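Participant:
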Amino acid sequence: ETDSKHKDEL
Amino acid sequence: MNIFRLTGDLSHLAAIIILLLKIWKTRSCAGISGKSQILFALVFTSRYLDLLTSFISLYNTTMKVIYIGCAYATVYLIYAKFKATYDGNHDTFRVEFLVVPVGGLAFLVNHDFSPLEILWTFSIYLESVAILPQLFMISKTGEAETITTHYLFFLGLYRALYLINWIWRFYFEGFFDMIAIVAGVVQTILYCDFFYLYVTKGEGRSQLSIPT
Numbered sequence: 001e002t003d004s005k006h007k008d009e010l
Numbered sequence: 011m012n013i014f015r016l017t018g019d020l021s022h023l024a025a026i027i028i029l030l031l032k033i034w035k036t037r038s039c040a041g042i043s044g045k046s047q048i049l050f051a052l053v054f055t056s057r058y059l060d061l062l063t064s065f066i067s068l069y070n071t072t073m074k075v076i077y078i079g080c081a082y083a084t085v086y087l088i089y090a091k092f093k094a095t096y097d098g099n100h101d102t103f104r105v106e107f108l109v110v111p112v113g114g115l116a117f118l119v120n121h122d123f124s125p126l127e128i129l130w131t132f133s134i135y136l137e138s139v140a141i142l143p144q145l146f147m148i149s150k151t152g153e154a155e156t157i158t159t160h161y162l163f164f165l166g167l168y169r170a171l172y173l174i175n176w177i178w179r180f181y182f183e184g185f186f187d188m189i190a191i192v193a194g195v196v197q198t199i200l201y202c203d204f205f206y207l208y209v210t211k212g213e214g215r216s217q218l219s220i221p222t
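From first to last, the protein sequence lines stand for chains S and U.
Residue numbers for the first sequence follow my numbering, so the first one is 1 and each next one is one higher.
Residue numbers for the second sequence follow my numbering, so the first one is 11 and each next one is one higher.
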C-alpha cells in the first residue's frame, strides 16, 4: 500500500 | 532510509542553514525573497503537524523540529530583525496565485480525505512551487549573491536526490507515492534553469547574472 509508509519521509 | 534520502535531507538542511547564517552574519536579507521563506514555513507547518500525533524516529523528529525552527527564524530575521534590508520592491510575486490553486488541488487530488492527509498533500504541492518568488526576484534584480546561489543549489539538489530515493524505494521496496513524485519532478524542473546557470556561470563570477 503506497501511503501507509510515506510519512516516514521528511 | 537510503543514502539518497539521507544526502537529500542533509542537502536540504545545508540549504536552510546556509541561508540562516548568511542573513545572520551579513545582518542583511538583500536579494532574499521573504515570500518564499513564508511559503516554506507554511510547507513545514502543514506537513509536520504529525509531530504532535506520531513518533517515527529520533532522526525524523529532530529534523522536523530543526526545519520548522529555522524556517520561522529566517522569516523573523527577514520581516522583523533585518526588515530595513528587505528588498520588498523586488519581492513582488503574487503568492496568492500559488496558495489558492495549490489549496484547491490538495482537496481534489489526495490519497485520503482526512485533515492531516489534505494538509500533507497541500504541503507537497506548495513546496514544489514555493521557490518561484525567489527565482522571480532574482530574475527581476538580474543577479544573486554567490551565497544565495549555493542556497538555491542545495535546495534544488535535495528534491532531485529524493527523486532518486523514490526510484530506489520503488525498485527495492515496491513503495511509491505518485503525489510526492509528480510534485518532486515539477519542483526539480523549476530549478533546471538555475542549475544550468549555476554550473556554467558559477565559477569566476562574483554575482550570478540571470538574463532578465
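C-beta atoms are modelled at their ideal positions from N, C-alpha and C, and glycine is treated no differently.
Treat the numbers as computed from the prediction; the structure is a model and nothing was measured.
Between the Cα of residue 37 of chain U and the Cα atoms of U:90, U:211 and U:73, which residue gives the shortest distance?
Facilitator: For residue 37 of chain U, the nearest C-alpha among the options comes from U:90.
Participant: Between residue 179 of chain U and residue 194 of chain U, what straight-line distance do the alpha-carbon atoms span, to the nearest angstrom?
Facilitator: If I take the Cα positions, the gap works out to 15 Å.
Participant: For a contact meaning CB atoms closer than 9 Å, what does residue 177 of chain U contact in chain S?
Facilitator: Going along chain S, no residue has its Cβ under 9 Å from residue 177 of chain U, so there is no contact; the nearest lies around 14 Å.
Participant: Using three-state DSSP, classify residue 2 of chain S as helix, strand or coil.
Facilitator: Below a pLDDT of 50, predicted positions are generally treated as unreliable, and residue 2 of chain S, at 45, falls in that range; no measurement from the model is reported.
Participant: Relative to the C-alpha of residue 223 of chain U, which residue among U:71, U:50, U:210 and U:176 is closest?
Facilitator: A query on residue 223 of chain U cannot be resolved here, the shown segment of chain U reaching from 11 to 222 and no further.
Participant: Would you please state the rounded distance, in angstroms, between the beta carbons of residue 25 of chain U and residue 164 of chain U? I believe it to be under 8 Å.
Facilitator: So it is a contact: roughly 4 Å between Cβ atoms.
Participant: Just verifying my parser: in three-state terms, what is the DSSP assignment at residue 9 of chain S?
Facilitator: Residue 9 of chain S falls in the coil class under three-state DSSP.
Participant: DSSP state of residue 61 of chain U, grouped into three classes?
Facilitator: In this structure, residue 61 of chain U counts as helix in the three-state DSSP scheme.
Participant: Considering only residues of the stretch 120-156 of chain U, which uninterrupted beta strand (DSSP E) runs meet the minimum length of 3 residues and lie entirely inside it, listed in chain order?
Facilitator: As far as the stretch 120-156 of chain U is concerned, its whole beta strand (DSSP E) runs of at least 3 residues are 153-155.
Participant: Write down the C-beta distance between residue 140 of chain U and residue 41 of chain U rounded to the nearest angstrom, noting that I regard them as a contact closer than 8 Å.
Facilitator: Not confirmed; about 17 Å, so no contact.
Participant: Would you list, in chain order, the members of the stretch 72-84 of chain U that have their beta-carbon closer than 8 Å to a beta-carbon of chain S?
Facilitator: Correct list: 73, 74 and 77.
Participant: For the alpha helix (DSSP H) holding residue 21 of chain U, just list the boundary residues, first then last.
Facilitator: Taken as a continuous stretch (DSSP letters only), the alpha helix (DSSP H) holding residue 21 of chain U covers 13-36.
Participant: Which complete alpha helix (DSSP H) runs does the stretch 187-211 of chain U hold, if anything under 4 residues is left out?
Facilitator: Fully enclosed alpha helix (DSSP H) runs of 4 or longer: 188-211.
Participant: Could you work out which residues of chain S lie near residue 27 of chain U, taking near to mean beta carbons separated by less than 7 Å?
Facilitator: Near residue 27 of chain U there are no residues of chain S at all, since even the closest Cβ is about 15 Å away, more than 7 Å.
Participant: Which residues in the same chain have their Cβ closer than 6 Å to the Cβ of residue 147 of chain U, if we skip the five residues on either side of it in sequence?
Facilitator: Cβ neighbours of residue 147 of chain U beyond the five flanking positions: 43, 100 and 101.
Participant: Is it true that the CB of residue 80 of chain U sits closer than 8 Å to the CB of residue 27 of chain U?
Facilitator: It is a contact, given that the beta carbons lie within the stated cut-off.
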